Structures are given as C-alpha cells and as structure tokens.
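> Residue numbers (the numbering used here), protein chains in the order written: chain A, -4 to 266; chain B, 304 to 571.
#1: Give me the chain A residues within the contact set of residue 442(B), using Cβ-Cβ distance strictly less than 7 Å, ordered along the chain.
#2: Which word fits residue 2(A), buried or exposed, when buried means at least 16 other C-beta atoms lie within 10 angstroms of its C-beta?
#3: Under 8 Å, with one C-beta from each stretch per pair, do the region 398 to 410 of chain B and the region 419 to 428 of chain B reach the 3-pair mark?
#4: From residue 490(B) to residue 414(B), what does the alpha carbon distance come to, in whole angstroms?
#5: Quick one: which residues of the region 191 to 211 of chain A get their C-beta closer than 7 Å to a C-beta of chain B? List them in chain order.
#6: So residue 343(B) contacts chain A; which residues on that side make the cut at Cβ distance below 8 Å?
#7: Note down, in chain order, every chain A residue with its Cβ under 7 Å from the Cβ of residue 472(B).
#8: Which value, in whole angstroms, describes the spacing of the CA atoms of residue 227(A) and residue 217(A)?
#9: Taking only three categories from DSSP, how would you classify residue 561(B)?
#10: Could you check which residue in 250(A), 190(A), 240(A) and 205(A) has the C-alpha nearest to that of residue 79(A)?
#11: How would you write the range of the beta strand (DSSP E) that residue 220(A) sits in, first residue to last?
#12: Have a look at 235(A), 202(A), 160(A) and 184(A) and flag the residue whose alpha-carbon is nearest the alpha-carbon of residue -3(A).
#13: Rounded to a whole number of angstroms, what is the C-alpha to C-alpha distance between residue 348(B) and residue 396(B)?
#14: Rounded to the nearest angstrom, what separates residue 436(B) and residue 215(A) at their Cα positions?
#15: Give me the chain B residues within the contact set of residue 248(A), using Cβ-Cβ distance strictly less than 7 Å, ordered along the chain.
#16: Which of helix, strand or coil does DSSP assign to residue 1(A)?
#17: What do you get for residue 261(A), buried or exposed, if any count of 16 or more other CB atoms within 10 angstroms of its CB means buried?
#18: Does DSSP put residue 46(A) in a helix, a strand or coil?
#19: Alpha carbon to alpha carbon, how far is residue 108(A) from residue 56(A)?
#20: Using 9 Å as the threshold, is the C-beta distance between residue 388(B) and residue 468(B) below it?
#21: Which of helix, strand or coil does DSSP assign to residue 410(B)?
#22: DSSP state of residue 394(B), grouped into three classes?
#23: Please determine, among 258(A), 86(A) and 238(A), the residue with the shortest C-alpha to C-alpha distance to residue 549(B).
#24: Whose Cβ in chain B lies nearer than 7 Å to the Cβ of residue 158(A)?
#25: Would DSSP call residue 446(B) helix, strand or coil?
#26: Where residue 255(A) and residue 181(A) are concerned, what is the direct C-alpha to C-alpha distance, given to the nearest angstrom?
#27: Below 9 Å between beta carbons: does that hold for residue 385(B) and residue 356(B)?
#28: Is the CB of residue 137(A) under 9 Å away from at least one CB in chain B?
#29: Got a sec? Which residues, its chain only, sit under 8 Å from residue 472(B) by beta carbon, not counting five neighbours each side?
#30: How many angstroms separate the CA atom of residue 512(B) from the CA atom of residue 340(B)?
#31: Taking all protein chains shown into account, decide if residue 66(A) is buried (16 or more other Cβ within 10 angstroms of its Cβ) or exposed.
#32: How about residue 169(A): is its C-beta nearer than 9 Å to some C-beta of chain B?
#33: For the alpha helix (DSSP H) holding residue 314(B), just list the boundary residues, first then last.
#34: Rounded to the nearest angstrom, how far is the Cβ of residue 211(A) from that of residue 237(A), given a contact under 8 Å?
#35: With 8 Å as the limit, tell me which residues of the region 489 to 517 of chain B have their beta carbon closer than that to any beta carbon of chain A; keep them in chain order.
#36: Scan the region 385 to 408 of chain B for residues whose Cβ lies nearer than 8 Å to a Cβ of chain A and list them as they occur along the chain.
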C-alpha cells in the first residue's frame, strides 16, 4: 500500500510552463513525508496531483503516473478515492461543507457520506474532536469560528474519514502553538497506525518532529531529498526560500559567533 | 498621529459566544505591538473593533480621545488600516494595481500622488512587477502580500495586521518584517497578531497576551517571555521562544531572541 508518483509533470490549463516537472516520489505506509519550498514552487499543485484532484477536477495536463496502492489514480472512481485519500486545503473555509449547522455534524459529514454505520460515525467523530481537543466546539456553528478553529475542524473531519493516505497542505498555518502540537501528535499517531502522509509546511520545527524524509521543491522540480535531519539542516535551505528549524538556526548563529556548540547543546537538552 | 484606547470592551457574537470580556488597552501613537494568544482567544475580534468593523456589545473604543461610535466608517478608515488574515476576504479587483488603488482612491488621492502611493506599496511587498496581473493568478502567499499592499497604500497612521506571516516562505516573512520596520520608523503605529513567538520577540517592542477574551500579560518581550511569566504564559497554551528557554537554563536571564541569547552567551 503506497502512494507513488512516477515521472510526473503537470501543467495547469492555459499556463505557459508546467508547475511540476519530473517528480518521482514513493510514499510508504506509515511514512510522513515533508514537503518544503518557496511560495509558488509547486507544493500545493503537488498536493492536488497526489490526491487525484488534478487534473481530474482542476483540469490541466498530467504526464507520468500517480499510483495509489499500485493502481493508476486516474482509473479509480472519485467515490473510491474519497475513502482512501484525504486532503486538507490551505484555506479551511474552502473545505467546509456549508450544509451543516454544528461542528459535530461537520466532522461527521465525511464518514456519513462513506456510508459508515451510525455508531461508528459517532465514535469516529467524538474521537477526532477529542484528539484535537475541540470537543467544546461540537455544538457551535462551523461558519462562526476563528481561522484556527476552522482549521482544526477541517482536520478533525479528515481524521474521522480514517483514510489510508493523507495530503495536508499547510494544515497548521493558522494554528496557535498548542494547536500545532496537537496536529503534530495526530499526524504521528496516524502514521503509527499505518497512514501515509504528505505534509506541506513552512513550520520546519514541526517537520523536524514528525517527518522521516523531506523533499524540497524549486520551480516545480525536486531540488533536495533525504532524511529529515539532513535536509532540514542543509545550508541550501535558505536559498530555496525555506526557514531553518529554530535549533538549526541557533546552532548556526552560535557557530558564527565562535561559541562552543557543546555548551548550547547541553542547554538544549535541558529544555 | 493617533492614540488608541479600548475601555471595558466586550463583544458577544450571536447570543452566547463571548469573544471579548472587558478588555482595557491603550496604545500610543508609534508603538509596535504584537497581539498573541490561543485560537479563539479574541485577537481578531479585538482588532476588528479598532477600525470600526465591529461595534462593541459594551465598553468603547477611543481614537485620539474620540469615541469611535461617533466616527463614520470612512473616518475610521483614514486612521486605522486593517489587513485581514484571509486575503480572499479582501481582494476583489481584476488587476493588482486596481486592487491597491481602491483604498487611496476612496481617500481622495488622484493622479501622480495616487500612482506614487500605489507604486510604493507594491514595491514594499515585492509586487512592483505584477501590477497588471490578475490577483487570482498569484499564489496564496503573494495574494496575502497584495492585501497588505492595498492597506499600506492608504498610509493610515495605524496599521493592523492579522497574522501577516502565515503561509509566507522565508522571503515573504522578510518582506513583512521590513514593511513593519519601515512603517514603524515612519512613526506609524503597528499592531500585529501572530502565533510565531520568535517573530514576535524579534520584531515587536510590546507583547499583549490574550486568553478567553481578556488580556492576561502585557509588556516588552524581555518580561512577557521571562521565566517569572512562564506559568501565566503556559496557562494560555503559549510557549516562550526557544532562545528564552535556553537562556534561562544557562542562567543568563531573559533572552527572548536568538541574537540576545548569542550575545549573552558570548559575554558570559
């Protein structure tokens, strides 16, 4: 069970140049793959392609193949995909169903449409709300939440679908630090349960925590790929428009100031 | 120059969501203030009162000593510019230039001075070469910078930014940082909501911490992120920046920024 992109290039309808070029990615079960890069380097496009939304609903032209569990994603019916691959868009408002009156119903909307039995739906919904500590939002109107709360509700909706593959496009962009940690915990738990996760994030501290591998995109191509600690401490990261994790930056500054890195490391270990 | 004051401000959405519960806050002209707190703590609700977008359920907002309830939306717009968290709530024009022109044109600017205000704002966010582009051909990060430019062009004495660095890459964050820097050195008041404590510690002189519709901490980064405040900070589910934690564990006192920490280690 994997999500594989083989020599994938993709061009939006009417665009002069492709947004993705020759992308090869294999995402194994239980793996969290981080995706970084400057704005407009192709991260969101890759999310749309990897989840089967582009070109299917977005249009445009794809070459190469996207395989979901060994089968071409283009050949799968959309309702088959819905239960297996979940996507969180950058802007949670885009994601809201618009037909529910409470957060509880909104989170239950996905599993209901998958035709799950009622007690299963209730259980999944409650446990998704619990995992992100938003139980108290359950009776609220999903249209009247803060940006960060909307983002948590969108992610809870995905958790309740229990897909085997997840594509998350900046899922913590509007979240406070505690919410970001909770989403990180939820991602780590899903991975332990065997879900494969493609995670786009500007917050490299979060990637350092949950990812095994990280890919950096530049102008639609893979510019760097490797084990998370290696890519996230690579000095080329800055040129690619990616901020270093807090610790990497501190170490680099300490080194630049001629300080003994051992002293900083001892202090890091104690916090 | 505009002084802002909020007195006993409460706001209730619908019948029961009490977003603000008696907030008192004074912000003097030229201050640089970060507003932090958990999602849903009332930050956005508070700043939407500062430009008259929301009206208090009780309490009042004073702009230069005048009750904002007595000012028109247009009068408020001249004084306080607000950049939304989600640029798509703000953008509507068919080109980047006309989007940025809209605000200053409504304030009465025409001809050369209008052109200059727009050009300066576009250059400040790095969109100078995209004037003819349709905003929806820009990626979400640049749409957000466009929303910032359209408010900058109004040259209001007060600039309020709701999560300006969200979704920005390294260069985008640097753009935002330099916009704040230059607005501030031009004497404008800058108020920004952020979840990025490192950015807050580096770019703001004053940090206001909100929790459940109230202000729970208010002071410079050196005191809000210092060990004695950690309990209160953590009660609001916030963590001080990494540099502050390391500085304290090395016994170097309050070092809220990386620069402060490195300096303190070097001179210890």
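For glycine and all other residues, C-beta sits at the position ideal for the given N, C-alpha and C. In this text the structure is predicted, and so the values were computed from the model without any measurement.
Reading off the structure:
#1: Chain A residues near residue 442(B): 34 and 35.
#2: So residue 2(A) counts as exposed.
#3: In short, these stretches touch, since the Cβ pair count reaches three.
#4: Going by the C-alpha atoms only, they are around 26 Å apart.
#5: Flagged, chain order: 197.
#6: Going along chain A in sequence order, the residues near residue 343(B) (Cβ under 8 Å) are 140, 141, 143 and 144.
#7: From the beta-carbon of residue 472(B), the residues of chain A found nearer than 7 Å are 33, 34, 197, 236 and 237.
#8: Rounded to whole angstroms, residue 227(A) and residue 217(A) show a C-alpha spacing of 15 Å.
#9: Residue 561(B): helix per DSSP, three-state reduction.
#10: Among 250(A), 190(A), 240(A) and 205(A), the Cα nearest to that of residue 79(A) is on 190(A).
#11: For residue 220(A), the enclosing beta strand (DSSP E) has its first and last residue at 216 to 222.
#12: Among 235(A), 202(A), 160(A) and 184(A), the Cα nearest to that of residue -3(A) belongs to 160(A).
#13: Near 26 Å, if we compare the C-alpha coordinates of residue 396(B) and residue 348(B).
#14: Distance between the alpha carbons of residue 436(B) and residue 215(A) is about 21 Å.
#15: Going along chain B in sequence order, the residues near residue 248(A) (Cβ under 7 Å) are 561 and 565.
#16: It is a strand residue.
#17: Exposed is the call here.
#18: When DSSP states are grouped into helix, strand and coil, residue 46(A) belongs to the coil group.
#19: Spanning the two alpha carbons is a distance of roughly 30 Å.
#20: No, the Cβ-Cβ distance between residue 388(B) and residue 468(B) is not below 9 Å.
#21: DSSP, read as helix, strand or coil, puts residue 410(B) in coil.
#22: Of the three classes helix, strand and coil, the one that applies to residue 394(B) here is coil, per DSSP.
#23: When C-alpha distances from residue 549(B) are compared across 258(A), 86(A) and 238(A), the shortest belongs to 258(A).
#24: Within chain B, no residue has its beta carbon less than 7 Å from that of residue 158(A); the closest one is some 24 Å off.
#25: Assignment of residue 446(B) by DSSP, reduced to helix, strand and coil, places it in the helix class.
#26: Cα to Cα, the separation comes out at about 37 Å.
#27: Taking 9 Å as the cut-off, the Cβ atoms of residue 385(B) and residue 356(B) count as close.
#28: Residue 137(A) does not count as touching chain B.
#29: For residue 472(B), the CB contacts under 8 Å within the same chain, skipping 5 residues up- and downstream, are 444 in chain order.
#30: Rounded to whole angstroms, residue 512(B) to residue 340(B) spans 6 Å at the Cα level.
#31: The residue is exposed, with fewer than 16 neighbouring Cβ atoms inside 10 Å.
#32: For residue 169(A), a Cβ of chain B is located within less than 9 Å of the residue's own Cβ.
#33: Following the DSSP letters along the chain, one finds residue 314(B) in no alpha helix (DSSP H) but inside the beta strand (DSSP E) bounded by residues 307 to 316.
#34: Yes, they are in contact, since the Cβ atoms of residue 211(A) and residue 237(A) sit about 6 Å apart, within 8 Å.
#35: Under the 8 Å Cβ criterion, the region 489 to 517 of chain B contributes 498, 500 and 501.
#36: 388, 389 and 391: these are the residues of the region 385 to 408 of chain B whose beta carbon lies less than 8 Å from some beta carbon of chain A, given in chain order.
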